[in-house]
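**Q** After the structure tokens below, expect a handful of questions from me.
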Amino acid sequence: ASFPFSVPSHYIVRDWSKNKEAIHESDNSSIPPKHNMYGLLLQNMAEYIIKVYGDKQWQEIKTSLKIDRNEFATGDTFPEGQLIKMGKKALQVLQIKDEEFYEGMGVYFIELTRNLGYGVFLQNLGRYIRDFLLNLDNFHDYLKFTFPRMKAPSFFVEDETEKSIKLQYRSKRRGFHYYVQGQIKEISKKYFGHRMDIQLKKQEVVFDTVICTFDLFFDNSPYSEWIQTGVERKESSLPIRAAMIFEMFPFCILFQKDLTVTCMGVALQQVIPGIVGKRITSYFELVKPLIEFKFDTIQTRTNNMFELATSEEIDKLGKSAKSSGSGRFTDEIFLGEDVDKTLHIKGQMIFIQEWQQMLFLACPMMNALNNLVWTGLFVNDLSMHDYSRDIMLATSQEQIEMRMALNAAEVKANALNTQLKKLDEIQQKTDELLYQMIPKSIADRLRKGEDTMSTCEVFSSVTMLFSDIVGFTTICSRLEPAQVVVFLNNLYTLFDFLVDQNSVYKVETIGDAYLIVSGCPVKSTNHALKICDMAFDMMDGIAVMKDPGTGQAVEMRIGCHTGSVVAGIVGLKMPRYCLFGLNVALTEKLESNSKPMRIHISQPCKDLLPPQYRTELREDPEVTQKVGGMNSYFLTTKDGRKTLKADVLKALMPTDAELPKLEGHGQSGVEPNAQGDNPDGAADNGGEEDAGDDEDSGMDDRESLFAAGFEGRRVSTAQGPYCGGFQNSGVCTIV
Numbered sequence: 005a006s007f008p009f010s011v012p013s014h015y016i017v018r019d020w021s022k023n024k025e026a027i028h029e030s031d032n033s034s035i036p037p038k039h040n041m042y043g044l045l046l047q048n049m050a051e052y053i054i055k056v057y058g059d060k061q062w063q064e065i066k067t068s069l070k071i072d073r074n075e076f077a078t079g080d081t082f083p084e085g086q087l088i089k090m091g092k093k094a095l096q097v098l099q100i101k102d103e104e105f106y107e108g109m110g111v112y113f114i115e116l117t118r119n120l121g122y123g124v125f126l127q128n129l130g131r132y133i134r135d136f137l138l139n140l141d142n143f144h145d146y147l148k149f150t151f152p153r154m155k156a157p158s159f160f161v162e163d164e165t166e167k168s169i170k171l172q173y174r175s176k177r178r179g180f181h182y183y184v185q186g187q188i189k190e191i192s193k194k195y196f197g198h199r200m201d202i203q204l205k206k207q208e209v210v211f212d213t214v215i216c217t218f219d220l221f222f223d224n225s226p227y228s229e230w231i232q233t234g235v236e237r238k239e240s241s242l243p244i245r246a247a248m249i250f251e252m253f254p255f256c257i258l259f260q261k262d263l264t265v266t267c268m269g270v271a272l273q274q275v276i277p278g279i280v281g282k283r284i285t286s287y288f289e290l291v292k293p294l295i296e297f298k299f300d301t302i303q304t305r306t307n308n309m310f311e312l313a314t315s316e317e318i319d320k321l322g323k324s325a326k327s328s329g330s331g332r333f334t335d336e337i338f339l340g341e342d343v344d345k346t347l348h349i350k351g352q353m354i355f356i357q358e359w360q361q362m363l364f365l366a367c368p369m370m371n372a373l374n375n376l377v378w379t380g381l382f383v384n385d386l387s388m389h390d391y392s393r394d395i396m397l398a399t400s401q402e403q404i405e406m407r408m409a410l411n412a413a414e415v416k417a418n419a420l421n422t423q424l425k426k427l428d429e430i431q432q433k434t435d436e437l438l439y440q441m442i443p444k445s446i447a448d449r450l451r452k453g454e455d456t457m458s459t460c461e462v463f464s465s466v467t468m469l470f471s472d473i474v475g476f477t478t479i480c481s482r483l484e485p486a487q488v489v490v491f492l493n494n495l496y497t498l499f500d501f502l503v504d505q506n507s508v509y510k511v512e513t514i515g516d517a518y519l520i521v522s523g524c525p526v527k528s529t530n531h532a533l534k535i536c537d538m539a540f541d542m543m544d545g546i547a548v549m550k551d552p553g554t555g556q557a558v559e560m561r562i563g564c565h566t567g568s569v570v571a572g573i574v575g576l577k578m579p580r581y582c583l584f585g586l587n588v589a590l591t592e593k594l595e596s597n598s599k600p601m602r603i604h605i606s607q608p609c610k611d612l613l614p615p616q617y618r619t620e621l622r623e624d625p626e627v628t629q630k631v632g633g634m635n636s637y638f639l640t641t642k643d644g645r646k647t648l649k650a651d652v653l654k655a656l657m658p659t660d661a662e663l664p665k666l667e668g669h670g671q672s673g674v675e676p677n678a679q680g681d682n683p684d685g686a687a688d689n690g691g692e693e694d695a696g697d698d699e700d701s702g703m704d705d706r707e708s709l710f711a712a713g714f715e716g717r718r719v720s721t722a723q724g725p726y727c728g729g730f731q732n733s734g735v736c737t738i739v
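Per my numbering, the sequence shown starts with residue 5, numbered consecutively.
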């Protein structure tokens, strides 16, 4: 773990052993914040506050800092100063000293890491507490695989006795030592069974590194055993050639007290041949531990793991002619990749007394075969006695398997997306079909779980229209069943399109009867106008229909009435949106007592029409009695209205390709040529009249809309505010 705390600009360095103080200047104001702090530390503080001081205190801290989350993902990064702000606010809210707070937080950190699965690593890092502290840096190196941007601290055992250890802690992050104390105390207690006392002896800042020296007091009896074992190992030296060492350790470096390199392993000679005879600092930088790169300093830290990195990219340090790495690959391989081309080597420093030189036994830090590309190395250059080969090959194989698994997952994901698209298409078709039977607003309510009875509603004023083909039974008697189906399909395809354009709702069709309504399920104030406009359009539409058996014109009766109704869903297996009430029956009476090619309306309907709708009173007492004793009228014309053109209406009906594939269907009931002969002359005459009107005033807005459909626009009846068409047989598609 790293410890991201800050110090004031004047940092007081105290040396308790000499009772002296010194002041070091430190200015961090110009350093921009970086997102290099992992959420593990923030989560540590949050959980510690909640567990020890309660959730209420944490909520107060979080609110005052405007933190909008309860948890911090351990792998996410946050600004460097985030923990500082949280710590300062926590001390204010909790009213406690920083020593108590941060040491307790360090104690809880061990429990947190154990819950995250790191307990096994901590427990097996060393046999004794001294071994644990000696290998603590190696543990941080391992953690870098999970937290690559971690600013790892460095721990070094300066001195030890049977009762104590002097531990030096270094970190790039400035902060309190109490957090470290809490961690070490808890590890000693939980994993090694020692109660440890810790005293801070010295605290200083050197350049950008905080250095703290602790005295750890505990039972360190294994130290004497280690000393005794070393004495027993002293035997006569075994003769061995120096060349053998440099072959066994191909990445080792031997250098003198002035840091001049005298010899190197065979692998390093291939990639950096010019280093022999020059100072090691000219080619390498000391990454770990955080100490000065000096011979004497290194000699006091030989129990630490050392990591060196080339000061420049390895291909710029001058490869020998034997190295083929620069020729076998180009930079195109790494195009788009963030590649660190410096060579890192890690190992142990050993002082050879007989040579009076320092031997760095190292191995390269490479986790994949791609790293060999820019170094000019090959697998056979790696030593056989360590696991560098195995790790590299295993990692590369894992990457290949991961890539294969990813490709397989992509194939499955694409297949899943294809199925989801098909499912969406089916769902859309299902919705469109549902909206044919039930209004969209009602269907959505039923989907939310509302009962069908809750959809029943009283509408105080709606206008209904009934239509019926004159002599339909006689017409059907002369036709094959398939011809009847085609005839009705053509007729209702046209009417369904007119339903959408007039914003009315088709309730149902029974044979040749057609029932539509305006004012429900969506209430409106101009429902009578919409129904009457629809009636005019239906009369224009029926004029282009022909009896498939005789070729004669087909006639229709229409009845319209305004009144109150009850509307709701009826049925479970085949639910339908139906209208109920006396006024529904009166509408049917108005239709049945109408005359061919006439629009029969009631007095309530007429009362809602403006003056431009021309009517004539029907003075027939018998009819008046049949329609409930009220006056009725024939709706004759509408001022300024233009008759829909025959060719436009024919274009709105299904083509031969869209007709149902029925054997022996014969004629469709539509004149095949819009400009051809008309037995009655009605359609052609209407077309001539419209042509004359176009010369005078042009098409009105509604006729322009139909003309747009004629030009090739495909219209789905499910897209309008009401749906009045069939899903199949070409009804919902207008060409």
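We put the CB at the ideal spot given by N, CA and C, even for glycine.
Taking 8 Å as the threshold (C-beta atoms), are F160 and P368 in contact?
**A** no
**Q** Please classify H389 as buried or exposed, where buried requires at least 16 neighbouring CB atoms within 10 angstroms.
**A** H389 sits exposed, since fewer than 16 C-beta atoms from the chains shown fall within 10 Å of its C-beta.
**Q** Considering only heavy atoms of the ligand FAD, does any lie closer than 7 Å to the CB of M49?
**A** As far as ligands go, the structure on display features none, and thus does not contain the ligand FAD.
**Q** Just to confirm my understanding: we take E164, look at its own chain, exclude 5 residues before and 5 after, and list those with CB closer than 8 Å. What are they?
**A** R134, K170, N224 and Y227
**Q** Can you tell me which of F149, G572, E251 and K593 puts its alpha carbon nearest to the alpha carbon of E583?
**A** In the sequence under discussion, the amino acid at residue 583 is Leu, which differs from the Glu named in the question. Comparing Cα positions, the closest option is G572.
**Q** If you drop the 5 nearest sequence neighbours on each side, which residues of the same chain put their C-beta closer than 8 Å to that of E429?
**A** none
**Q** Apart from the five residues just before and just after T217, which ones in its own chain have a Cβ nearer than 6 Å to its Cβ?
**A** Q172, K205 and K206
**Q** Start and end of the alpha helix (DSSP H) containing F250?
**A** A246 to M252
**Q** Let me check one thing: in DSSP terms, what residues is P368 bridge-paired to?
**A** Its beta-bridge partners are I349.
**Q** If you run the structure through DSSP and keep just helix, strand and coil, what is C216?
**A** strand
**Q** Take P1 as the anchor and find which of G585, D611, V574 and F491 has the nearest alpha-carbon.
**A** In this structure the chain extends from 5 to 739, so residue 1 is not present and cannot be described.
**Q** So the alpha helix (DSSP H) T477 belongs to, where does it begin and stop?
**A** F476 to S481
**Q** Please list, in chain order, all residues of the same chain as K167 whose beta carbon is under 8 Å from its beta carbon, the five residues on each side excluded.
**A** Excluding sequence positions up to five before and after K167, its CB lies within less than 8 Å of the CB of F221, F222, D223 and N224, all in the same chain and listed in chain order.
**Q** In the DSSP assignment, what residue or residues form a beta bridge with R174?
**A** S158 and I215
**Q** Are G43 and D80 touching if we call contact CB-CB under 8 Å?
**A** For G43 and D80, yes; Cβs fall inside 8 Å.
**Q** Leaving out the 5 sequence neighbours to the left and right, which residues in its chain are closer than 8 Å to I302 when beta-carbon positions are compared?
**A** For I302, where only same-chain residues beyond five positions count, the Cβ hits under 8 Å are I295, F310, M353 and M362.
**Q** Buried or exposed: where does I191 fall if 16 or more other Cβ atoms within 10 Å of its Cβ makes it buried?
**A** Per the 10 Å Cβ criterion, buried.
**Q** DSSP puts H604 in a beta bridge; with which residues?
**A** Under DSSP, the beta-bridge partners assigned to H604 are G563 and F638.
**Q** Quick check: what's the CA-CA separation for I100 versus K66?
**A** The alpha-carbon atoms of I100 and K66 are separated by roughly 18 Å.
**Q** Given 8 Å as the limit, is there contact between the segment 89-109 and the segment 54-64, that is, 3 or more CB pairs closer than that?
**A** yes
**Q** Report buried or exposed for S387, applying the criterion of at least 16 other Cβ atoms within 10 angstroms of its Cβ.
**A** buried
**Q** Check whether the Cβ atoms of G644 and P608 lie closer than 8 Å to each other.
**A** No, the Cβ-Cβ distance between G644 and P608 is not below 8 Å.
**Q** Here's the rule I'm using: 16 or more other beta-carbon atoms within 10 Å means buried, otherwise exposed. How should L427 be labelled?
**A** L427 comes out exposed.
**Q** Mind checking I244: buried by the 16 CB within 10 Å criterion, or exposed?
**A** Counting every other CB atom within 10 Å of its CB across the protein chains shown gives I244 a total below 16, marking it as exposed.
**Q** Once the 5 residues before and after V570 are set aside, which same chain residues still bring their CB inside 7 Å of it?
**A** C460, V462, F584 and G585
**Q** Using 8 Å as the threshold, is the segment 469-482 in touch with the segment 590-608, meaning 3 or more CB pairs across them?
**A** yes
**Q** With a cut-off of 8 Å, do at least 3 Cβ pairs link the segment 480-490 to the segment 621-634?
**A** no
**Q** Contact defined as beta carbons within less than 8 Å: I believe N506 pairs with M657. What is the distance between those atoms, to the nearest angstrom?
**A** So it is not a contact: roughly 17 Å between Cβ atoms.
**Q** According to DSSP, what are the bridge partners of Y617?
**A** In the DSSP secondary-structure assignment, Y617 is bridged to K642.
**Q** Would you mind working out which of C256, A271 and I279 sits nearest T264, comparing C-alpha positions?
**A** Ranking the options by Cα distance to T264, first place goes to I279.
**Q** Could you give the first and the last residue of the continuous beta strand (DSSP E) run that contains D472?
**A** Element bounds for D472: E461 to I473.
**Q** Here's the rule I'm using: 16 or more other beta-carbon atoms within 10 Å means buried, otherwise exposed. How should L116 be labelled?
**A** buried
**Q** My guess is that L502 and G545 are in contact by the Cβ rule of under 8 Å, so how many angstroms apart are they, rounded?
**A** 6 Å
**Q** For G696, which three-state DSSP category applies?
**A** Caution applies to G696, whose pLDDT of 37 falls short of 50 and renders its modelled position unreliable; the model cannot decide the point.
**Q** Starting from I53, trace the alpha helix (DSSP H) both ways and give me its first and last residue.
**A** G43 to Y57
**Q** Look at Y112 and E75 and say whether their C-beta atoms are less than 8 Å apart.
**A** No.
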